[in-house]
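First comes the structure, then the notes that go with it.
Residue numbers (my numbering): 53 to 167.
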């Protein structure tokens, strides 16, 4: 828990807010935190998280675009391909979140200065 003046925040809530994630996005991200070394298909993630496949597909796309997940193409024997995903290094994600929080702090400082 993070204590901020009049409210306590769970770190999960800070991550969710900083990265602008939905509850479903956060559920997918938590899956990857539990399985950091495994490449996963969206179908597998959907089954384990009990989310709709289309919801998981949107979430992994969003997390990939934010630089949280790495995407790799998995070529199929009979032709075609599917994508698999893995979480990036936790230190990189921490750095990304800290950058967002630092910008927020700078904005609060400016607002207080203007006040």
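Beta carbons: idealized from backbone N, C-alpha and C, even for Gly.
Note that the structure is predicted; figures quoted are calculated from it, not measured.
Report, in whole angstroms, the separation of the C-beta atoms of residue i and residue j, which I expect to be a contact under 8 Å.
| i | j | result |
| --- | --- | --- |
| residue 77 | residue 111 | 5 Å |
| residue 149 | residue 70 | 5 Å |
Let me know the secondary structure DSSP gives residue i once reduced to three states.
| i | result |
| --- | --- |
| residue 141 | coil |
| residue 87 | coil |
| residue 120 | coil |
| residue 59 | strand |
From the options, pick the residue whose C-alpha is nearest to that of residue i; which is it?
| i | options | result |
| --- | --- | --- |
| residue 139 | 68, 121, 145 and 95 | 121 |
| residue 89 | 161, 148, 162 and 142 | 142 |
If you check the beta carbons only, do residue i and residue j fall under 8 Å apart?
| i | j | result |
| --- | --- | --- |
| residue 133 | residue 125 | yes |
| residue 81 | residue 95 | no |
| residue 103 | residue 123 | no |
Nearest chain D C-beta to residue i closer than 8 Å, yes or no?
| i | result |
| --- | --- |
| residue 167 | Among the chains in the structure shown there is no chain D, since it carries only a single protein chain. |
Enumerate in chain order the residues of its own chain whose CB-to-CB distance from residue i is below 7 Å, with the five nearest sequence positions on each side excluded.
| i | result |
| --- | --- |
| residue 83 | 97, 100 and 101 |
Leaving out five residues on either side along the sequence, give the residues of the same chain with a beta carbon under 6 Å from the beta carbon of residue i.
| i | result |
| --- | --- |
| residue 159 | none |
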